[in-house]
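The structure under discussion appears below in the form of structure tokens.
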Amino acid sequence: TVGLLDEVEFVHYDSNTRRAEPRQDWMSRVTEDDPQYWKRNTENFMGTQQVYKGNIETLK
Numbered sequence: 763t764v765g766l767l768d769e770v771e772f773v774h775y776d777s778n779t780r781r782a783e784p785r786q787d788w789m790s791r792v793t794e795d796d797p798q799y800w801k802r803n804t805e806n807f808m809g810t811q812q813v814y815k816g817n818i819e820t821l822k
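Using the working numbering, you'd call the opening residue of the sequence shown number 763 and step up by one each time.
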């Protein structure tokens, strides 16, 4: 999963490492206000990954 804003990548979820990571400095600072941000969003991306895998199987 890749998050884009004005065609600039600001977040990336790697399905191999199962981690969401910031791609812009301003996204790195989000944990100052919300320490659980990356943990929570990684969990969301992991769930979405399973949905997408199911959709691909349905389309085969």
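Using N, Cα and C, we set each Cβ at its ideal position, and we do this for glycine too.
Once you ignore the five residues that flank residue i on each side, which residues in its own chain have a CB closer than 8 angstroms to its CB?
i	result
T804	Y775, R780, R781 and A782
M789	F772 and V773
If I follow the unbroken alpha helix (DSSP H) through residue i, where does it start and stop?
i	result
R802	Y799 to L821
D776	D776 -> not in any alpha helix (DSSP H); beta strand (DSSP E) instead, spanning V770 to D776.
D795	First-last for D795: undefined, no H or E at that position.
My guess is that residue i and residue j are in contact by the Cβ rule of under 8 angstroms, so how many angstroms apart are they, rounded?
i	j	result
R785	V773	6 angstroms
T793	T763	Going by Cβ atoms, the distance from T793 to T763 rounds to 19 angstroms, so no, they are not a contact pair.
Name the two residues that bound the continuous beta strand (DSSP E) containing residue i.
i	result
R781	R781 to P784
At a cut-off of 6 angstroms, is residue i close to the ligand PLP when judged by its beta-carbon and the heavy atoms of the ligand?
i	result
L821	Within the structure as shown, the ligand PLP is missing, as the structure has no ligands at all.
Considering only residues of the same chain and omitting the five flanking positions on each side of residue i, which have a CB-CB separation below 6 angstroms?
i	result
G765	F772 and V773
For residue i, which residues from the same chain have a beta carbon less than 7 angstroms from its beta carbon, with the 5 sequence-adjacent residues on both sides left out?
i	result
W800	A782 and T793
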